[in-house]
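Novice:
In the working numbering, the protein residues as written are 12 to 163.
1. Can you tell me where the alpha helix (DSSP H) holding residue 83 begins and where it ends?
2. Which of the three DSSP states, helix, strand or coil, is assigned to residue 48?
3. Kindly indicate the opening and closing residues of the alpha helix (DSSP H) around residue 32.
4. Less than 7 Å between C-beta atoms, sequence neighbours within five positions excluded: which residues of the same chain meet that for residue 88?
5. In terms of alpha-carbon separation, which member of 23, 31 and 50 lies closest to residue 62?
6. Verify whether the separation of the beta carbon atoms of residue 131 and residue 115 is less than 8 Å.
7. Give the single residue among 26, 55 and 110 whose Cα lies nearest to the Cα of residue 153.
8. Would you tell me roughly how many angstroms separate the C-alpha atoms of residue 155 and residue 138, rounded to the nearest one?
9. Can you say whether residue 140 is buried or exposed, counting buried as having 16 or more other CB atoms within 10 angstroms of its CB?
10. Determine, using beta carbons only, whether residue 108 and residue 142 come nearer to each other than 8 Å.
11. When we look at the beta-carbon of residue 149 and count the other beta-carbons within 10 Å, is it buried (16 or more) or exposed?
12. From this set, 96, 13 and 60, which residue's C-alpha is nearest residue 112's C-alpha?
13. Our contact map puts residue 48 next to residue 33 with C-beta atoms below 8 Å; I'd like the distance itself, whole angstroms only.
14. Where residue 126 and residue 90 are concerned, what is the direct C-alpha to C-alpha distance, given to the nearest angstrom?
15. For residue 80, count neighbouring C-beta atoms within 10 Å of its own C-beta (all shown protein chains included) and say buried if the count is 16 or more, exposed if not.
16. Which whole-angstrom value is the C-beta distance of residue 30 and residue 52, which I expect to be below 8 Å?
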């Protein structure tokens, strides 16, 4: 119980520090009404509320037998997920949203038990669909990268 409260307190301090860093941020241009500062501040605010609850709740979190154990296999999956997300961040602009999403989504689906054909089809359709949703419907520009030759 004490370790959970210490964790929550330390993470709450980290959230406060990040909020102080995000507060003065002003972008040179803005394509949305609230600006780029609103999203990180909203996420930090919600996270802070949850951490305050963790600090003041009367009883510790109880784990049940249904929850997966934090064993070697689970830790390896978490590590692979983090590595895939780092690769996604590095390939997002050079390859573009669609290709980098496919490059990361297919191994992620396989990691969690997806079969090859459904993983490839569903991830490809989702990458294209999300690109169209963000770029065309919501007017949030996403990079096309190598597929920029297909535009227009």
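Even for Gly, the Cβ is constructed at its ideal location relative to N, Cα and C.
Just so you know, these numbers come straight off a predicted model, no measurement behind them.
Specialist: Reading it off the structure:
1. 83 to 106
2. coil
3. 13 to 33
4. 122
5. Of 23, 31 and 50, the residue nearest in Cα terms is 23.
6. no
7. 110
8. Those two C-alpha atoms are separated by around 11 Å.
9. Exposed, because fewer than 16 other Cβ atoms sit within 10 Å of the Cβ of residue 140.
10. yes
11. exposed
12. 96
13. 6 Å
14. 21 Å
15. exposed
16. 6 Å
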